[in-house]
Amino acid sequence: MSRVVKPYGDTLGDGKVQLSFTLPIDWSEAADEAARQLVAKMGFVDVAVAEGRRVASGFSFFVVYASSPTGVDVDAIGAPTAKAHVLSMEDVDGLIRERVGRKVSVAGACIGTDAHTVGIDAILNMKGYKGDYGLERYKEFVTYNLGSQIAVEDLVRFVKVNAIDAVLASQVVTQKGSDVTNFTALAELLEAEGLRERVILIAGGPRVTNLLANELGYDAGFGRGTLPSDVAAFIAQRMAEHSAA
Amino acid sequence: MSRVVKPYGDTLGDGKVQLSFTLPIDWSEAADEAARQLVAKMGFVDVAVAEGRRVASGFSFFVVYASSPTGVDVDAIGAPTAKAHVLSMEDVDGLIRERVGRKVSVAGACIGTDAHTVGIDAILNMKGYKGDYGLERYKEFVTYNLGSQIAVEDLVRFVKVNAIDAVLASQVVTQKGSDVTNFTALAELLEAEGLRERVILIAGGPRVTNLLANELGYDAGFGRGTLPSDVAAFIAQRMAEHSAA
Amino acid sequence: MAGPEFSPGARNLAAMELRIDREAVDASRALARAIVAPISDFIAAHSTVSVERAVARLLGVDGTGGDDVPIPNLVGERLGFERLSTGIARWLGAGVAETGAAPAEVAAKLIGGSLHAETLAGVPDGAARAALAPYVAGGLARLDERRRERKVLLARLPQAPPPLLYVIVASGNIFEDRTAALAAAEAGAQIIAVIRSTGQSLLDFVPYGPTTEGFGGTYATQANFRIVREALDEVSERLGRYVMLTNYASGLCMPEIAATAALERLDMLLNDSMYGILFRDINMKRTFVDQHFSRMLNARSGIIINTGEDNYLTTADAVEQAPAVLASQFINEEFAHRAGLPDEQIGLGDAYEIDPDREDGFLYQLAQAQLARQIFPRAPLKYMPPTKHMTGDIFKGHLIDAMFNLTSVTTKQTIHLCGMLTEAIHTPFLGDRVLSIENARYVMNTARHLGDEIEFKRGGIVERRAQEVLAGCRALLERVAEMGLMRAIEAGVFADVKRPADGGRGFEGVLERSPSYWNPFEEALSSPRAASFTGVTAS
Amino acid sequence: MAGPEFSPGARNLAAMELRIDREAVDASRALARAIVAPISDFIAAHSTVSVERAVARLLGVDGTGGDDVPIPNLVGERLGFERLSTGIARWLGAGVAETGAAPAEVAAKLIGGSLHAETLAGVPDGAARAALAPYVAGGLARLDERRRERKVLLARLPQAPPPLLYVIVASGNIFEDRTAALAAAEAGAQIIAVIRSTGQSLLDFVPYGPTTEGFGGTYATQANFRIVREALDEVSERLGRYVMLTNYASGLCMPEIAATAALERLDMLLNDSMYGILFRDINMKRTFVDQHFSRMLNARSGIIINTGEDNYLTTADAVEQAPAVLASQFINEEFAHRAGLPDEQIGLGDAYEIDPDREDGFLYQLAQAQLARQIFPRAPLKYMPPTKHMTGDIFKGHLIDAMFNLTSVTTKQTIHLCGMLTEAIHTPFLGDRVLSIENARYVMNTARHLGDEIEFKRGGIVERRAQEVLAGCRALLERVAEMGLMRAIEAGVFADVKRPADGGRGFEGVLERSPSYWNPFEEALSSPRAASFTGVTAS
Ligand code: B12
Ligand code: B12
Ligand SMILES: Cc1ncc(COP(=O)(O)O)c(C=O)c1O
Ligand SMILES: Cc1ncc(COP(=O)(O)O)c(C=O)c1O
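Okay, structure coming up:
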């Protein structure tokens, strides 16, 4: 079964999309036409340049509306989420007590030169996020928050020394792929140290998706709007499975 | 010689474009992924869904940033404008006196059921637009402003009866191609009445481009921000050529 | 039962009072009364084909005949101007008396030819009136029933406090419009306007049935009204707040649209006493007569009228036109009172159309909006968004809309038309509407009580501007009072457009009433209320 | 020559005065003095490797040696802590006395090994000082020359009136940054901040040469400063208004960056007395000593400092943190005065970070911004845009920025950081910057004189909020005064972060001054001014 959808303006199937972009050329009526042809070349039809103007010498800005013939089959998309069906804090602790039988140690850090700790803090700190308690508040987690700008080497050393079960890495700065670089470095070093199999490896940050994390060899990835309980539930269930196996 | 340019984000050639659109599906993380895949299928790369959310039952809204590999050769674009090199009101009147030798009659109207007269009035009325006087102010034009919601038949009858030299048609409402329909109807009826050759036929409106007008068989088309003097200069020069021939 | 169901908000004006010249306000009201009085006399002596068709519709005459001409039009044509000048009711009543059939059937017979007007001429007026009485009562009952429904719904499903967020749907297809209306309601819209196609206002009949075409909107038909009303009633239940529906009356069929709107429980109608004349070249006599009866129907059915002062601003400079807008508001108010509309049902219009690039333009907008708020304290003011200066730059446009939203919440406007960032580009997309509603909700929430928090400096820019607009308005009304309204319009005093008294569209449809003219609904609706209301403003 | 070249605007405060407790303001200032006094004593007894390297730079020591280590660092290492504790100047002076070469050469010899510290130990202090005197004079002359240049340019190419529009460029490549800076200036930006790469603040050296990499920005190097400064000087001429340049001092190299910024005529520097401690875990003693000397240099070179109070708001709730922000402003002001900075050069920070979905949040923002404006009337307040609550919804974000712009123009802020609609997504694109500047220009123009037009209701939400913030600030400062600033920071009183007095980065670089310690620039810069300025606030 398949259900193909296109963008919706005011009529089903009209494919209407809004675009805006800057071109490195001076403005003129020809520039408007260049913008129109460019968007047409991108594959859009009914291209209307609603706005085109000079913004600086050598630069023009455009707002364009156009129709896209492209559709996507929404039924072919598996829910790409690591969010297990929600468990309460009690359930998570219960699950760990019964199925794991010992406390689970979690280490989180904002790696590389990234100093954006608000996100990882939201997941780890007692206080939590949007009324959802952080991992420190769970009875069955032993939580270490290494803080900001932690070199991958230091994090891995810490994991080794403290026999950490779950490693949580945060990346908020994504410019020039710095996030991917650092995430990869972490995964590889854990591999090299022979620790990868032993830990649950989790990536997080505003640009992270579960799909991306998996591609990078992580067990899970959490993005925008993640709640601590999403993460807690995932860790507990993975730990339960491991112990089962 | 050719100069291919791509959209500019913060680095030459990065091809960065902003898109926004609505999809007729309920929101979920899968919907975000659907949006990502859709934009990827459109041919963009580095697709980042910056925002995805429910806006109503059955509808989700997305803001996406992505890179387009598509470029356009700006040197291959002839300036698609009907704006003759600017002439002052005096020059236009002078040109007509010398080269045409009689007053030029102009009839303008907002055709079909379109009642948006502000635009055509801006071109015709004394007052003009943005400090640029309208055609009524020119000594050598005899100007008729038929006003709003003028049936194509009535306009053509008027042209015939008054031996009009230049016909100015305005269309502001463009929904469902009503503008193209009405412009076409006018051109065809003039043709049928054997008047087409005798008149200079000009289209105008916010969505009109000179290219479009030419496609529709018009002598010229004027769009956003047109000044009366642009139109006056075009008419005067065409009339001059005609009389020359 | 004067619209107590509406709470345009017992607006707290304490906070931000501007000092304005009360005497000038009273003088302006007196002038408006003087200006409208002679027009009222003219109205009392005339009717129009549309007024008569509306009467027929209220008596249950509906549907279409050969080549889709509406039955009310066919009956009118069949009877002819001569007979219509005594009122269509008289003829239908005679038919009922003669045949015992309902007015709808009588109409069918007349058209079909199985019944002849000639024969009906013989029926005595008394008999005709008596025969029609139950149907007249039935018609009024339907109006009152719809109004009661609204009252109950509003009590059970209260609206969020004003400014009431109003958006348009204009896909040109009533079914897409319904989809759009539901989505908008979920996003927070409290009033949905279904935009009609270009040119409908020039049609001398009301199209019939559901429609899926049109430019810039689709037709205003009773079926279309019902389709959206039903959808909105459902969503109102789901959301727990009543979502209002509105459309346009102005044009050649004001009375008929007022009648059908009443029957389908629309909550508001665009209904201006001069818009058709000035902006659609509809004959002035036709418009004056039509607007009066249509507004009487609005009054009875509890429909809030919206006037069209915004149109003065879209065609000329907003700063210069401010006095004209205020003058028009006074005139619209007076016409409305005379039709029996209480202040709570008079949605006077204004718009945020000052050039966005003018220094301190925002202060001028504040001044004008606050002035109207103080002069018409109980009116559910209708505030229109920036449109003329909107461009293809949707980002700038979104900001201009935000300043408009801020002005509206600060000056406590009642009916708030949400501005669209794509105003200059296309009729709103579903997504545009959502963004525009979110714009209003964000701004109005983050600055909710600004109006209660600030005071304007005495003698400052804002206060001086308000004084100036009021003075200009008074001067304008004095001129109009001198010339007389019809002559003033002929002379181009309003919006710089000149309209001859006997020119324009629909003049042929104006009827001089014969001495025996009878309009049972007018009779019923000209309760002492109308009078008493003009009284109200006097006090 | 205390910054008269800046016109943070003889701000007209008449209009919108909030009634605030003057006594609480004076008490808070007195508390700030009490809090900072003991820290000043500590500063007077210490130096840091970065202070000494800055001295070397001012004497002309620059460039890099083996594997790109800057010469100033190499000299420092070669001399070692022991010798540095008497001041690097003494050793370079001795070298000059000994060899007759310039300090730069002396440095080279020391590193190269052709000259030995041991030999220099013998040179009497008097001789060393005398030998260095001309170079010290030369260093100061360069600073004064840059300042004179700025003064002349500002007179010839006056800025547009405040709020001064400030945007960041952060492509991570200095050449793209230059392109971006020029485009922004044309679009109306008056101040350009070149954002440096993540992590630079943790480097104990200043990178060298033009750089084309970095994350979230590229490095702050003297060459990068020059590249953008030259480009901006050109565009300033073209536009007829002086465009300012700024970067960050805070971190492990505050004094050195202050020195290089002075030499390249930057106009402002992010320079906070506690930011490094709280938000970068830099040792507090290191930071206190560094910020003092760096600010002395800023004072002399006419550079306006920008403080980082906004950081309190991005990490915790903005409504709760308001008193902490004000307290930090008082402390930053006091530290600044002690370093000789006049009010006109103290750009105290604040930010628009209240949850946009909070009812009346805009009124709270107005209250806080106006409070700062009244308490620091002559300071060029730096107002930061909404960042924390910005999301991927660029349309909503653009509106939040608009309300921020409105607050800024209404409360007459001086340095206005334009918010970016893409704040939550990426470092600004060229187009984003244009839209954000146009947002500010539109709002500030259409509401230009709003602040002169309105008054706040006595005892209303806004006034009560301002009182509350001031009271909270006073209480906080009292607590800190009791504990002492260092203990307070250890206890986590600020931003909920605890920092041990001897922990954190760069502690090893703190030097106890030996009795014979000598810093010729400090000497020259500790004119009576410093004192006199603390005096100023007392009055
Ligand atoms: C606050 C902030 C700062 C603060 C950080 C304070 C601190 N202690 O964290 C300060 C002021 C110090 C700062 C500095 C800088 N910042 Co900053 N900053 C932000 C800002 C405004 C908000 C980030 C935030 O706190 N979000 C709130 C949290 C809760 O959301 P979150 O991080 O996404 O986390 C959630 C999820 O992602 C997830 N999650 C996150 N991490 C993890 C980890 C795991 C394991 C899991 C399971 C889940 C998870 O769960 C969280 C809760 O749902 C953003 C802009 C924005 N509005 O997003 C810019 C932003 C992130 N900063 C940016 C930059 C470039 C910088 C600077 C380099 C310079 C500058 N431009 O300001 C410096 C350098 C700092 C450094 N060395 O890294 C850019 C990054 C651009 C990019 N995409 O690469 C942004 C986007 C702003 C911009 N447009 O320029 N910044
Ligand atoms: C003013 C206005 C009205 C006024 C018109 C008053 C009047 N007498 O003109 C009123 C209120 C009556 C009105 C009504 C309606 N309008 Co209207 N209106 C506008 C508005 C706000 C401004 C148009 C305008 O005056 N622009 C200023 C002039 C100077 O610009 P211009 O027309 O582009 O003209 C310039 C050039 O195009 C060129 N030009 C134009 N014509 C010609 C002709 C020639 C020969 C030449 C050489 C040049 C030329 O020169 C002019 C000067 O540079 C636009 C939105 C917008 N901001 O654009 C909507 C808009 C045009 N209206 C619209 C619609 C749908 C309607 C209605 C159907 C319902 C509604 N949604 O309001 C009704 C029906 C009216 C009808 N029967 O046509 C839509 C059209 C959508 C579309 N693309 O199809 C718009 C875009 C608004 C919207 N987003 O819904 N409208
Ligand atoms: C009062 C009034 N009536 C009707 C309309 C609708 O216009 P039209 O006559 O094109 O249907 C408007 C729109 O501007 C209006 O303001
Ligand atoms: C006062 C201050 N200094 C420096 C910075 C730059 O931060 P970093 O230390 O990451 O360079 C900031 C940015 O938030 C700041 O506010």
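Protein chains in written order, with the working numbering: chain A, 1164 to 1408; chain B, 1164 to 1408; chain C, 33 to 571; chain D, 33 to 571. Beta carbons are placed, not taken as given, at the ideal position from N, Cα and C, and that holds for glycine. The model shown is predicted, which means the values in this text are computed figures rather than measured ones.
When DSSP states are grouped into helix, strand and coil, M300(D) belongs to the strand group. Between the alpha carbons of A513(D) and Y415(C) lies a distance of about 55 Å. Chain C places a beta carbon closer than 8 Å to that of P388(D), counting this residue as a contact. Assignment of alpha helix (DSSP H) within the stretch 1263-1291 of chain A, counting only whole runs of 4 or more residues, yields 1281-1287 in chain order. Within the chosen limit of 7 Å, ligand 4 does not reach the beta carbon of T319(D) with any heavy atom. When distances are taken from the beta-carbon of S233(D) to the heavy atoms of ligand 4, the shortest one is below 7 Å. In the structure shown, D1295(B) falls within a strand segment according to DSSP collapsed to helix, strand and coil. For K141(C), the uninterrupted alpha helix (DSSP H) run begins and ends at P135 to G144, by DSSP.
Using a Cβ-Cβ cut-off of 8 Å, P1391(B) does not count as an interface residue toward chain A, since no Cβ of chain A sits closer than that to its own. A direct Cα-Cα distance of roughly 32 Å separates G246(C) from L172(C). DSSP, read as helix, strand or coil, puts A523(C) in coil. The residues A1396, F1397 and Q1400, in chain order, have a CB closer than 6 Å to that of A1247(B) in the same chain once the five nearest residues on each side in sequence are set aside.
When the beta-carbon positions are compared, A1285(B) and L1309(B) stay at least 8 Å from each other.
By the Cβ test, the stretch 541-550 of chain C is in contact with the stretch 67-81 of chain C, since at least three Cβ pairs between them sit closer than 8 Å. Taking 3 residues as the minimum length, the beta strand (DSSP E) runs contained wholly in the stretch 346-413 of chain C are 381-383, in order along the chain. In the three-state reduction of the DSSP assignment, T423(C) falls in the coil class, being assigned neither a helical nor a strand state. Following the DSSP letters along the chain, one finds I486(C) inside the beta strand (DSSP E) bounded by residues I486 to F488. Neighbours of E487(C) in chain D, taken as residues whose beta carbon is under 9 Å from its own, are I486, E487, F488 and K489 in chain order. Residue environment analysis places E1299(B) among the buried positions, since at least 16 neighbouring C-beta atoms fall within 10 angstroms of its C-beta. Considering only beta carbons, the part of the stretch 434-466 of chain C lying closer than 8 Å to chain B consists of A456, H458, T459, F461, L462, G463 and V466, in chain order. At a beta-carbon threshold of 9 Å, the residues of chain B lying near G231(C) are G1275, T1276, D1277, A1278 and Q1312, ordered along the chain. The Cβ of V1226(B) sits closer than 8 Å to at least one Cβ of chain D. Going by beta carbons, N338(D) and G372(D) fall outside the 8 Å limit. Taking C-alpha positions only, N205(D) is separated from V1168(B) by approximately 20 Å. The DSSP-derived three-state label of D1382(B) is coil. Runs of the alpha helix (DSSP H) lying entirely within the stretch 92-133 of chain C, each at least 4 residues long, are 103-116 and 120-131 in chain order. Near chain C, meaning a CB-to-CB distance below 7 Å, the residues of the stretch 1206-1223 of chain B are V1218, A1219, S1220 and F1222.
CA-CA distance, I336(C) to W1190(A), rounds to 48 Å.
Each residue's CA atom was taken as its position, placing G538(C) and A215(C) some 38 Å apart.
Cβ-Cβ separation between G463(D) and V1218(A): approximately 7 Å, consistent with a contact (criterion under 8 Å).
If you check the C-beta of A1278(A) against ligand 4, you find a heavy atom less than 7 Å away.
Inter-residue distance for H324(C) and L50(C) is about 34 Å (C-alpha atoms, whole angstroms).
In this structure, R1387(A) has its CB closer than 7 Å to one or more heavy atoms of ligand 1. Boundaries cannot be given for G1241(A), as no alpha helix (DSSP H) includes it and DSSP labels it neither H nor E.
For N338(D), the enclosing beta strand (DSSP E) covers residues I336 to N338.
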